[in-house]
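I have placed the structure first, in the form of C-alpha cells, so that the comments after it can refer back to it.
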Amino acid sequence: MFSTIITALAVSTATLTAPTTPVDTAIDAVVRQYQEEADLPGAAVAVTRGDQVVHAAGYGHTPGGEAISEHTVMPVASVSKSFTALAVMQLVERGKIRLDDPVRTHLPEFAMADPRADRITVRSLLDQTSGMSDTTFRSFSGPTVHTLREAVESMRDATLAADPGTKWEYHNPNFQVAARLVEVVDGRSFQEYLQANVFRPLGMADSRTADTERDLPPTGRGHLKVLGIPLALPEPPAFGNGSGGVLSSAHDMAAWLIAQNNQGKGPQGTIATPETIATTHTPSPASKDYALGWFTGTTPNGAPLLDHGGDLFTSTAYQALLPASRYGIAVMANTGMLHGDAQALGARIIALLEGRQPSPITDLFAVDAVLLALTLLVLAAAIRGITRARRWATTRSHPIARLLPLLTPLLLLLTIHRVVGFLYRGRDVAWLQVPYLYPTFMVLLATTTLGGLAVAATRLAALRTVSRVTSEGVTSGPGRLSHRRHRGPVT
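Just add 79 to wherever you are in the sequence shown, counting from 1, and you've got this note's numbering.
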C-alpha cells in the first residue's frame, strides 16, 4: 500500500493541479494507515509547502468522543520551545535585549545558589547551554509551581552542572526563564505577548498557552495504550509554560510552518525578519545540533532537517521543516510519550515526501502481554505463599532473615522514579509520572510489592502462632510435651 501512495505522490508532486492524485490525498492515506496499524485514537496533521497549505486535517476522536478537526485544540508540548525562542528574538529585533546579554541584566529576579549563574546569557537559555541541569534542579519532582514567576523563584537554591556556554543539556527551565524574561521586558503576560506578536499576526485564532495540566482543554487530554487499547487518563501534574505550554491546532500550525519556511512571512502577516528566522535555525558550537528551540540534522535521504518533538504523558507532538523542498510538517497525537505516535507519524510523512519506505511501527502489545502474564504468575505465587505460610513457619530456620527479600519490591516501588531518572541520564522524573511511562511494568511491580507484603505478613502471623503453640507445649509439662513429640511417624 505504501508503495502505491509513493507513486501517487510522485505524480502529484510533478503536477500539483492533477485532481486524481493530489498530495493531500496521499498524506491522508498515510495517516489513516498509521492510525489503524498503531491503534491511534486521534491526531491532527498539517503539511505545508512554501506558502501553501498542502494538508490540514483531524483524525479520530478526543477522549470525550468528539471528532478531531483541523481546528481542534491540542498540546504541542516541547514544540513550544520554538515559539518561546521566537518571542525572545522579536525582543532582540526591537533592540530591547541582546542575545549575549546576561539574563540578570534584564531579569534581576533570576538568581541561583551558584555565582556562575550571573554569566548565563539569553542565548545560552535558548540553545540550552546555560549549565542548568535536571541533576542539580528537579523541576518535576521538586516544589509545585503555577506561574512563570514562581518557576523562576523556585530556582534560587539550585546550582549549575557546568559553566555557562560550555555544555549542552536539555532542561525545560531554560525556556521557563526565557518566557519570564519576555514577560518582564515587555510588561505583559507570556500568553498576551504571544497573542499580540505571534498568534494574531499569523491568524492562529485557535492557539493559546497553558501554565499547568489544569489548563488543558478537554480536547487536549489524551490516552495511554495497554494491549493496543486506548485508555483516557488525565495528564499528571506539572508546570510547563514557556517550555511546553502552547496549545494549537492543525490549521494554526500550518500558518506557523509557513512563516518558518518563508523567512518570517505568514499567510496573514510577518512575525520576524529573515535574519531572525535564520538565527533561530542556527546552532552554536557549544550546542552542536541544537539551535534556538530547534534540532538540526538531516533526513535518511541526507536532506537538511529542522525539527523538534514534544512529549506529554498522555499526548505527543512533532514539527519538522525540510528547507530544501520547503515542506513543513506538524503532527499532534493524543497518546503519550510511551508510544511516540506524533514523531513516528511525522517520520512516515517525511518518508512519503522523500519517496522512501517508512520504518515499521513499534508494537508494544507483546511487551504488555508478557508483563501482564508475569503479573498473573506473581499473583498466583503470592496466593500459594499465603496458603502455605504455616508450613513455611514450621520448616524454615532463621525465618525473619528469609522474609527480607519479600520487602525488596517495596524499596524499588518507592524509589522507581530515581531509577528511571538514572536510566534517562539524570533527567528529573516525578514518581507519579512513572506509571504513565511504564504502565504494565508498574502493574507488575505493584502486584509484586503487595504480594510480597501479604506473604510476609501471613508468615509473621504463622510464626507467632507456631511460637505460641510451642511455648504452650513447653509450659504444659513433660508428659504433654512427650505426647506431642510422638504424634508424628515413629522411626
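Every residue gets a Cβ at the ideal spot worked out from N, C-alpha and C, and that includes glycine.
Keep in mind it's a predicted model, so treat the numbers as computed, not measured.
Start-to-end residues for the beta strand (DSSP E) that takes in residue i
| i | result |
| --- | --- |
| residue 122 | 121-128 |
| residue 580 | Nothing in the structure corresponds to residue 580, since the chain is present only between 80 and 570. |
| residue 383 | 383-390 |
| residue 26 | The displayed coordinates of the chain run from 80 to 570. Any statement about residue 26 would go beyond what the structure contains. |
| residue 270 | Element bounds for residue 270: not the beta strand (DSSP E) but the alpha helix (DSSP H), 269-273. |
| residue 302 | 301-305 |
| residue 403 | That residue, residue 403, is in no beta strand (DSSP E); it is neither H nor E in DSSP. |
| residue 361 | No beta strand (DSSP E) contains residue 361, which DSSP labels as neither H nor E. |
Residues of its chain near residue i, where Cβ-Cβ distance is below 6 Å and the 5 sequence neighbours each way are ignored
| i | result |
| --- | --- |
| residue 454 | 522, 523 and 526 |
| residue 335 | none |
| residue 405 | 128, 129 and 340 |
| residue 333 | 125, 127, 132 and 135 |
| residue 437 | 427 and 430 |
Whole-Å CB distance - residue i paired with residue j, under 8 Å assumed
| i | j | result |
| --- | --- | --- |
| residue 200 | residue 178 | 7 Å |
| residue 206 | residue 362 | 7 Å |
| residue 327 | residue 124 | That pair is no contact at about 13 Å. |
| residue 385 | residue 402 | 7 Å |
| residue 136 | residue 329 | 6 Å |
| residue 147 | residue 122 | 7 Å |
| residue 273 | residue 166 | 6 Å |
Cβ-Cβ distance between residue i and residue j below 8 Å
| i | j | result |
| --- | --- | --- |
| residue 428 | residue 126 | yes |
| residue 397 | residue 407 | no |
| residue 528 | residue 489 | yes |
| residue 392 | residue 512 | yes |
| residue 324 | residue 280 | no |
| residue 449 | residue 425 | no |
| residue 295 | residue 259 | no |
| residue 311 | residue 300 | yes |
| residue 285 | residue 213 | no |
| residue 499 | residue 516 | yes |
Which of helix, strand or coil DSSP assigns to residue i
| i | result |
| --- | --- |
| residue 240 | coil |
| residue 185 | helix |
| residue 224 | coil |
| residue 294 | helix |
| residue 316 | coil |
| residue 198 | helix |
| residue 349 | strand |
| residue 417 | coil |
| residue 208 | coil |
| residue 508 | coil |
| residue 330 | helix |
| residue 517 | coil |
| residue 473 | helix |
| residue 143 | coil |
| residue 539 | helix |
| residue 550 | helix |
| residue 245 | coil |
| residue 219 | coil |
| residue 287 | strand |
| residue 370 | coil |
| residue 20 | Here the chain covers residues 80 to 570 and nothing more, so residue 20 does not appear. |
| residue 530 | helix |
| residue 178 | coil |
| residue 356 | helix |
| residue 544 | helix |
| residue 163 | helix |
| residue 429 | helix |
Sequence-distant residues of its chain with Cβ nearer than 8 Å to residue i (five each side left out)
| i | result |
| --- | --- |
| residue 116 | 440 |
| residue 118 | 304, 307, 308 and 309 |
| residue 231 | 186, 188, 189, 255, 256 and 259 |
| residue 368 | 362, 374, 375 and 376 |
| residue 378 | 384, 401, 429 and 433 |
| residue 487 | 531 |
| residue 478 | 471, 472, 538 and 542 |
Terminal residues of the alpha helix (DSSP H) in which residue i lies
| i | result |
| --- | --- |
| residue 113 | 102-116 |
| residue 265 | 252-265 |
| residue 480 | 478-482 |
| residue 501 | 487-502 |
| residue 408 | It is not in any alpha helix (DSSP H) - residue 408 instead sits in the beta strand (DSSP E) that spans 406-412. |
| residue 454 | 444-466 |
Own chain residues within Cβ distance below 7 Å of residue i, not counting five before or after
| i | result |
| --- | --- |
| residue 157 | 322, 323, 387, 388, 389 and 390 |
| residue 195 | 210, 239, 242 and 243 |
| residue 419 | 395 |
| residue 372 | 160, 161, 163, 164, 205, 359 and 387 |
| residue 176 | 170, 185, 201 and 264 |
| residue 356 | 339, 342 and 343 |
| residue 215 | 237, 238, 239 and 240 |
| residue 506 | 213 and 500 |
| residue 461 | 530, 533 and 534 |
| residue 145 | 298 |
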